[in-house]
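Participant:
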Amino acid sequence: MYVAVKGGEAAIANAHRLLADRRRGDRSVPALRLDQIIEQLGLAVDRAMGEGSLYDRELAALAIIQSRGDLIEAIFLVRAYRTTLPRFGYSKPIDTAAMKIERRVSATFKDLPGGQLLGPTFDYTHRLLDPSIAEGAAVDEAMARASADEPAPRVTDLLDHQGLIEPDVSEVQEEIGDLTREPLEFPLNRDRRLQALARGDEGFLLALGYSTQRGYGRSHPFVGEIRIGEVEVELDIPELGFAVNLGRIRVTECQMVNKFRGNAKVPPQFTRGYGLVFGQAERKAMAMSLVDRSLRAAELGEDVNHPAQDEEFVISHSDNVQSTGFVEHLKLPHYVDFQGELGLLREMRAEHDVHAPAGTLPLAARVGEGGAPGSERVAPPLPASPARGEVPGSIEDTSPAEAAE
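Start counting at 1 in the sequence shown, then tack on 91, and there's your number in my numbering.
(1) Is the shortest distance between the beta-carbon of Thr-174 and the beta-carbons of chain D less than 8 angstroms?
(2) With a threshold of 8 angstroms, are at least 3 pairs of Cβ atoms found where one atom belongs to the region 139 to 157 and the other to the region 358 to 377?
(3) Straight-line CA distance for Asp-126 to Ala-154?
(4) For Ala-411, list the residues DSSP reports as bridge partners.
(5) Shortest alpha-carbon distance to Asp-137 belongs to which of Glu-257, Val-335, Arg-374 and Val-120?
(6) Tell me which residues share the same chain as Arg-352 and place their Cβ nearer than 8 angstroms to its Cβ, disregarding the 5 neighbours each side in the sequence.
(7) Within 10 Å of its beta-carbon, does Glu-344 have 16 or more other beta-carbons around it, so buried, or fewer, so exposed?
(8) Any idea if Gly-431 is buried or exposed, counting beta-carbon neighbours within 10 angstroms, 16 or more meaning buried?
(9) Mapping the DSSP letters down to three states, classify Pro-312 as helix, strand or coil.
(10) By DSSP, does Gln-286 sit in helix, in strand, or in coil?
(11) Just to confirm, is the Cβ distance from Ile-256 to Arg-363 under 8 angstroms?
(12) Return the first residue and the last residue of the alpha helix (DSSP H) that Gly-434 is part of.
(13) Quick check on the DSSP output: the beta strand (DSSP E) that includes Gln-346 runs from which residue to which?
(14) Starting from Tyr-307, trace the alpha helix (DSSP H) in both directions and tell me its first and last residue.
(15) Over the uninterrupted beta strand (DSSP E) stretch that includes Ile-192, give me the two end residues.
(16) Does Leu-134 come out as helix, strand or coil in the three-state DSSP assignment?
(17) By how many angstroms is the C-alpha of Val-314 removed from the C-alpha of Gln-346?
(18) Measure the C-alpha to C-alpha separation of Ala-122 and Arg-115 and round it to an integer number of angstroms.
(19) Please work out which residues of its chain come closer than 6 angstroms, Cβ to Cβ, to Ser-261, disregarding the five sequence neighbours upstream and downstream, and give them in chain order.
(20) My understanding is that Gly-366 touches Met-377, with C-beta atoms under 8 angstroms, so please give their C-beta distance in whole angstroms.
(21) Which runs of the alpha helix (DSSP H) at least 4 residues long sit entirely within the region 162 to 235? Give them in chain order.
(22) I need the straight-line Cα distance from Glu-572 to Arg-159, nearest angstrom please.
(23) Tell me, please, whether the region 324 to 344 touches the region 208 to 220 by the rule of three or more beta-carbon pairs shorter than 8 angstroms.
(24) Using the DSSP secondary-structure output, state which residues sit across from Phe-369 in a beta bridge.
(25) Check the C-beta distance from Gly-294 over to Asp-410 and give it rounded, since I have them as a contact under 8 angstroms.
(26) State buried or exposed for Gly-300, treating a residue as buried only when at least 16 other CB atoms are found within 10 Å of its CB.
(27) Below 6 angstroms CB to CB, which residues in the same chain sit around Glu-323 once its five sequence neighbours on both sides are set aside?
(28) Report the partner residues of Leu-297 according to the DSSP bridge assignment.
(29) Arg-384 and Pro-312: beta carbons closer than 8 angstroms?
(30) Could you check where the alpha helix (DSSP H) with Glu-149 kicks off and where it finishes?
(31) Report yes if the CB atom of Pro-258 is closer than 8 angstroms to the CB atom of Pro-204, and no otherwise.
(32) Can you give the beta carbon distance from Ala-399 to Val-382, rounded, assuming they're within the 8 angstroms contact cut?
(33) With DSSP run on the structure shown, which of helix, strand or coil describes Ile-256?
(34) Helix, strand or coil: which one does DSSP assign to Glu-321?
(35) Ala-235 to Pro-222, Cα distance in whole Å?
(36) Ignore the nearest five residues each way along the sequence and tell me which others in Tyr-307's own chain have a CB closer than 6 angstroms to its CB.
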């Protein structure tokens, strides 16, 4: 580990105790239950599952409570737990065309086979706070209509039948990669790139997708279709010789349709951007599909000039667990590193003062710069840095090699 803890256990234990106390809050307020989180904060649960790469609503709800609502911390907890689970195999590709649809909208065609279904959405709500929710007002039961069982083919399939959009499979591979078991090596095939985007940070991907629409990427997208619903997950059992249905999961799928001018080898046509995530998370699926299309710029012979088109930049910075770890580690002890920087800076300033033009004040005399003449003051001494091991109960900054020793 980067930081070796050789003391301060009592302080750390007390910090954990204080964290648990703050998590529980006022004891006169009933404690949250997992079913309350699952039923009433479902979108937060879906995000924790999706970016945590583990479909389990109860575990995601537990992580949200444990993290006090910090979703990135909850995602970290889910990811960490996921690494302890055994791997039994890989399921068959889910068939979203056979989805039990809860919501299905298209911005390209008004009348679709199977119809459009608004479902649960904020799209047409007024963004006004509703005080009745805080008062516990009764909520009307949802209205349900009888299912017509009419086929609901994907919009992109309709375009494909007329030869107006690129084929569904742009890359032929013998085996699908697994981002969780193989190291990242650029360039990535599209399968692993989509895996990285599916567990990437929603906010980061949203910003990149927005940038492509503002001119930082050749993108003029249309929502071919967004569909949310339940799909069956099947696993092939070699001993049985057929697939076994493991159950249903809720997913969100988005297919973006983008104009493509064509080139010497390919005629003008529409191209695809794809997003698929756990639960109801259409903003994430849309952002994912926008970025997926931008990352295909080189494949389609387009210029790569913008951040959302740079595969290494996007994939290396989209993981919020990695990003959080790298940023937040800065608050851990770096005493030894800083003392090295401080000593080097002092040497450089001393050398600079020796060669400075005549009349230039030394560093200590410039601390009061900007005041009245003669108001210069001497800089206060910096805190002393004790040698390693001299302060009982300290947390010392060590290198990985030293930590191993």
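No residue lacks a Cβ here, since even glycine has one placed at the ideal position from N, Cα and C.
Facilitator: Checking against the coordinates, here is how it stands:
(1) Absence of chain D from the displayed structure is noted, only one protein chain being present.
(2) Because the criterion of three Cβ pairs below 8 angstroms is met, the region 139 to 157 and the region 358 to 377 touch.
(3) Taking the sequence shown and counting its residues from 1, one reaches residue 126 at position 35. Taking the sequence shown and counting its residues from 1, one reaches residue 154 at position 63. Going from the Cα of Asp-126 to the Cα of Ala-154 covers about 13 angstroms.
(4) Here residue 411 refers to the residue found at position 320 when the sequence shown is read from its first residue. First, the residue type needs correcting, since residue 411 is Asn and not Ala in the sequence shown. Asn-411 pairs with nothing; no bridge assigned.
(5) Along the sequence shown, read from residue 1 onward, the residue named residue 137 stands at position 46. Comparing Cα-Cα distances from Asp-137 to each of Glu-257, Val-335, Arg-374 and Val-120, the minimum goes to Arg-374.
(6) Counting from one through the sequence shown, the residue named residue 352 turns up at place 261. Only residues of its own chain outside the window of five on either side were considered, and among them Pro-359 have a CB closer than 8 angstroms to the CB of Arg-352, listed in chain order.
(7) For the purposes of this step, residue 344 is identified with residue 253 of the sequence shown, where counting begins at 1. By the neighbour-count criterion, in which 16 or more other beta carbons inside 10 Å mark a residue as buried, Glu-344 falls on the buried side.
(8) Here residue 431 corresponds to residue number 340 of the sequence shown, with the count starting at 1. Gly-431 is classed as exposed because its beta carbon has fewer than 16 other beta carbons within 10 Å across all chains shown.
(9) Sequence index remark: in the sequence shown, residue 312 carries index 221 (1-based). In the structure shown, Pro-312 adopts extended strand secondary structure according to DSSP, grouped into three states.
(10) Here residue 286 refers to the residue found at position 195 when the sequence shown is read from its first residue. Assigned with DSSP and collapsed to three states, Gln-286 falls in helix.
(11) Stepping through the sequence shown from its first residue, residue 256 is reached at position 165. Stepping through the sequence shown from its first residue, residue 363 is reached at position 272. For Ile-256 and Arg-363, yes; Cβs fall inside 8 angstroms.
(12) Within the sequence shown, numbered from 1, the residue matching residue 434 stands at position 343. In this chain, the alpha helix (DSSP H) harbouring Gly-434 covers 426 to 446.
(13) Against the sequence shown, residue 346 aligns to sequence position 255. Taken as a continuous stretch (DSSP letters only), the beta strand (DSSP E) holding Gln-346 covers 333 to 351.
(14) In the sequence shown, counting from the first residue as 1, residue 307 sits at position 216. That residue, Tyr-307, is in no alpha helix (DSSP H); it is neither H nor E in DSSP.
(15) Taking the first residue of the sequence shown as 1, we reach residue 192 at position 101. Looking at the DSSP string, the run of the beta strand (DSSP E) that includes Ile-192 is 191 to 196.
(16) As a first step, residue 134 must be located in the sequence shown, where it is residue number 43. In this structure, Leu-134 counts as helix in the three-state DSSP scheme.
(17) For the purposes of this step, residue 346 is identified with residue 255 of the sequence shown, where counting begins at 1. For the purposes of this step, residue 314 is identified with residue 223 of the sequence shown, where counting begins at 1. Here the alpha carbon of Gln-346 sits roughly 6 angstroms from the alpha carbon of Val-314.
(18) Numbered from its first residue, the sequence shown carries residue 122 at position 31. Numbered from its first residue, the sequence shown carries residue 115 at position 24. Roughly 7 angstroms separates the two Cα atoms.
(19) Along the sequence shown, one-based indexing puts residue 261 at 170. Residue placement at Ser-261 is poorly supported in this model, since its pLDDT is 48, which falls under 50; the coordinates still yield a value, given next. In its chain, beyond the 5 residues on either side, no residue has a beta carbon closer than 6 angstroms to the beta carbon of Ser-261.
(20) Sequence index remark: in the sequence shown, residue 366 carries index 275 (1-based). Sequence index remark: in the sequence shown, residue 377 carries index 286 (1-based). Taking a contact as a CB-CB distance under 8 angstroms, the pair Gly-366 and Met-377 counts as one, their CB atoms being some 6 angstroms apart.
(21) If we require 4 residues or more, the alpha helix (DSSP H) runs fully inside the region 162 to 235 come out as 162 to 173 and 222 to 225.
(22) Since the displayed the chain opens at 92 and closes at 496, residue 572 lies outside it and no answer follows.
(23) As far as the Cβ criterion goes, the region 324 to 344 does not touch the region 208 to 220, which means the pair count is below three.
(24) By 1-based counting over the sequence shown, the position of residue 369 is 278. By DSSP's assignment, Phe-369 forms a beta bridge with Val-342.
(25) Working through the sequence shown from its first residue, we reach residue 294 at position 203. Working through the sequence shown from its first residue, we reach residue 410 at position 319. Not a contact, Cβ separation roughly 12 angstroms.
(26) As a first step, residue 300 is located in the sequence shown; it is residue number 209 there, counting from the start. Gly-300 is buried by the Cβ-count criterion.
(27) For this step, residue 323 is matched to residue 232 along the sequence shown. If we look at Glu-323 and ignore the five residues flanking it on each side, its Cβ neighbours are Asn-336 and Arg-339.
(28) Against the sequence shown, residue 297 aligns to sequence position 206. Its beta-bridge partners do not exist; DSSP assigns none.
(29) The sequence position of residue 384 within the sequence shown is 293, counting from 1. The sequence position of residue 312 within the sequence shown is 221, counting from 1. The beta carbons of Arg-384 and Pro-312 sit closer together than 8 angstroms.
(30) Indexing the sequence shown from 1 puts residue 149 at position 58. Its alpha helix (DSSP H) spans residues 148 to 157.
(31) On the sequence shown, residue 258 is found 167 positions in, with the first residue counted as 1. On the sequence shown, residue 204 is found 113 positions in, with the first residue counted as 1. By the CB criterion at 8 angstroms, Pro-258 and Pro-204 fall outside the cutoff.
(32) Within the sequence shown, the letter at position 308 stands for residue 399. Within the sequence shown, the letter at position 291 stands for residue 382. Their Cβ separation, rounded to whole angstroms, is 6 angstroms, which keeps Ala-399 and Val-382 in contact under 8 angstroms.
(33) Mapped onto the sequence shown, residue 256 falls at position 165. Reduced to three states, the DSSP call for Ile-256 is strand.
(34) Here the question's residue 321 lines up with position 230 in the sequence shown. When secondary structure is reduced to three states using DSSP, Glu-321 falls in the strand class.
(35) Counted from its first residue, the sequence shown places residue 235 at position 144. Counted from its first residue, the sequence shown places residue 222 at position 131. If you draw a straight line from the Cα of Ala-235 to the Cα of Pro-222, it is about 27 angstroms long.
(36) Mapped onto the sequence shown, residue 307 falls at position 216. The residues are His-397.
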